[in-house]
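J.: Here it is, the structure in full.
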Amino acid sequence: TETEYDSKQGYKGNFCVRQRKELILCSSTIYASIQLVLFFLQEDIMHRSLTVKEVLIYQANLRLPSSISQEEKKRKVNEVLDLLDLARVKNTKIGDEESRGISGGQRKRVNIGMELVTDPTLLFLDEPTSGLDSTSSLMVVNTLKAVAEEKKLTIVCVIHQPRYEIFSKFHKVLFLAPGGQTVFLGSVREAENYFDMLGFQVPEKVNPADFYMDVIGGLCKGSEESTGTLSERWEEFTAENNTGAENTDSADGSRAVPDDGIEQLPFTSFLGMFRRNPNKDQDRQMPNFLIQFITFLRREIRLQFRLSRSLLLDQFLVLLAGGTLGALRKEVSWHLCRQYLTFCK
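In full-length UniProt numbering, the protein residues as written are 1 to 345.
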């Protein structure tokens, strides 16, 4: 991938997928197959003085097509609130270190909701459980799985050190070696079968996700496989299974699973995840400049009104500082004037 950040348009760039040094997917293919791709940042970017519902409403007004009515936008916001289990805190402020608000896990869900109100087809998440404890992380992943199944949404996320309950929630997992080389792609059960086939059995009372990462990092005791060797073994494995795919059909015409218990799906099935939802063929024309300006103005007025106490305090401090400096200047000026008159005498 080649990306850059633009303050007005967000992240933009080229997205390419290669298999055995052959280009099989590029950004033009993706955007021709799906309607909207969204990227979830690791940092929580939202105004802390707004409530949960207000954050989502402003996102809907700014990012949903102008052809959608306000009633429909509010309905989408309420649907997202219910889906993310945020309805009971919808009138609670986001909060920060100084003012109490929602919890860290709820804040992550609000951040996810900011993207869901735009009704995407593909959602990328960068460490959605970062900074959360194991329980809150599990709740976030449970929410993501429910969203994926409820909205038929493809979610791709980067996650580090997941507990097994979180690891087992994913339909597909991808292990990458340093340099972006693929070591494994498949389900959690298939991962166990594959690494067993390589001679790496998960010890008792050890998290399989941590064990696999130790194997990839060369930290597993007795591991003689280098990172390059593991990626080469995976390429050989996929090549062998794809070559023999036509010979794995059963008598009834269905596809049989290989003896090692790992079912290798063709890459076209992977592309099928990036399908376009026919229910989202509406006009995606974004709100014009005037609508965006009015929305930003209303939001800023509301923020300034809620910060009225701090504004009054700032005004008082300005007046106090100005009066103090004025009094000091007057005193100094009169003192210098008296000295000048004395010198003239």
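Just so you know, even glycine gets a beta-carbon here, dropped at the ideal spot from N, CA and C.
Using only alpha-carbon positions, find the residue among 180, 233, 106 and 122 that is nearest to residue 141.
T.: The residue labelled residue 141 in the question sits at position 141 within the sequence shown. Ranking the options by Cα distance to residue 141, first place goes to 106.
J.: In chain order, which continuous runs of the beta strand (DSSP E) of length 3 or greater are located wholly inside the segment 170-195?
T.: Qualifying beta strand (DSSP E) stretches, in chain order: 173-177 and 181-186.
J.: How long is the line joining the alpha carbons of residue 120 and residue 292, rounded to whole angstroms?
T.: Locating residue 120 in the sequence shown gives position 120, counting from the first residue. Locating residue 292 in the sequence shown gives position 292, counting from the first residue. Computed Cα separation, rounded: 20 Å.
J.: Within its chain, find whatever has a CB closer than 8 Å to the CB of residue 210; leave out the 5 residues flanking it on each side and keep chain order.
T.: Position 210 of the sequence shown, counted from the first residue, corresponds to residue 210. The answer, listed in chain order, is 161.
J.: Excluding five sequence neighbours on each side, which residues of the same chain lie with their C-beta closer than 6 Å to the C-beta of residue 325?
T.: Within the sequence shown, residue 325 is the residue found at index 325, counting from 1. Nothing listed; no residue qualifies.
J.: Go to residue 57, then tell me how far its alpha helix (DSSP H) extends in each direction, as first and last residue.
T.: Against the sequence shown, residue 57 aligns to sequence position 57. Here the alpha helix (DSSP H) through residue 57 covers 52-63.
J.: DSSP three-state call for residue 84: helix, strand or coil?
T.: If you number the sequence shown from 1, residue 84 lands on position 84. Three-state DSSP puts residue 84 in coil, outside helix and strand.
J.: Is the beta carbon of residue 135 closer than 8 Å to that of residue 85?
T.: Position 85 of the sequence shown, counting from 1, holds the residue named residue 85. Position 135 of the sequence shown, counting from 1, holds the residue named residue 135. Taking 8 Å as the Cβ cut-off, residue 85 and residue 135 do not qualify as a contacting pair.
J.: Measuring only the C-alpha atoms, how far is residue 127 from residue 187?
T.: What you label residue 127 is simply residue 127 of the sequence shown in a count that begins at 1. What you label residue 187 is simply residue 187 of the sequence shown in a count that begins at 1. C-alpha separation (whole angstroms): 20 Å.
J.: Straight-line CA distance for residue 65 to residue 109?
T.: Start at 1 with the first residue of the sequence shown, and residue 65 comes out as number 65. Start at 1 with the first residue of the sequence shown, and residue 109 comes out as number 109. Each residue's alpha carbon lies about 23 Å from the other.
J.: Based on the DSSP secondary-structure assignment, which residues constitute the bridge partners of residue 155?
T.: Indexing the sequence shown from 1 puts residue 155 at position 155. In DSSP, residue 155 forms a bridge with 123.
J.: Would the beta-carbon of residue 89 fall within 8 Å of that of residue 147?
T.: Reading the sequence shown from its first residue, position 89 is the one you call residue 89. Reading the sequence shown from its first residue, position 147 is the one you call residue 147. Contact: no.
J.: Would you call the segment 179-194 and the segment 205-219 in contact, with 3 or more CB pairs under 8 Å?
T.: Judged by Cβ distances under 8 Å, the segment 179-194 makes contact with the segment 205-219, as three or more pairs qualify.
J.: Are the CB atoms of residue 182 and residue 231 nearer to each other than 8 Å?
T.: The residue labelled residue 182 in the question sits at position 182 within the sequence shown. The residue labelled residue 231 in the question sits at position 231 within the sequence shown. Cβ atoms of residue 182 and residue 231: closer than 8 Å.
J.: Residue range of the alpha helix (DSSP H) that residue 166 falls in?
T.: Start at 1 with the first residue of the sequence shown, and residue 166 comes out as number 166. Segment 164-167, the alpha helix (DSSP H) holding residue 166.
J.: How big is the Cα-Cα spacing for residue 95 and residue 289?
T.: If you number the sequence shown from 1, residue 95 lands on position 95. If you number the sequence shown from 1, residue 289 lands on position 289. Straight-line Cα distance between these residues: approximately 30 Å.
J.: Skipping 5 residues on each side, what residues in its chain have a beta carbon closer than 7 Å to that of residue 177?
T.: Looking up residue 177 in the sequence shown gives position 177. Hits under 7 Å: 183, 216, 227, 230 and 231.
J.: Is the beta carbon of residue 320 less than 8 Å from the beta carbon of residue 47?
T.: In the sequence shown, counting from the first residue as 1, residue 320 sits at position 320. In the sequence shown, counting from the first residue as 1, residue 47 sits at position 47. Cβ distance not < 8 Å, so residue 320 and residue 47 don't count as in contact.
J.: Grouping DSSP H, G and I as helix and E and B as strand, with all else coil, what is residue 90?
T.: Working through the sequence shown from its first residue, we reach residue 90 at position 90. Residue 90: coil per DSSP, three-state reduction.
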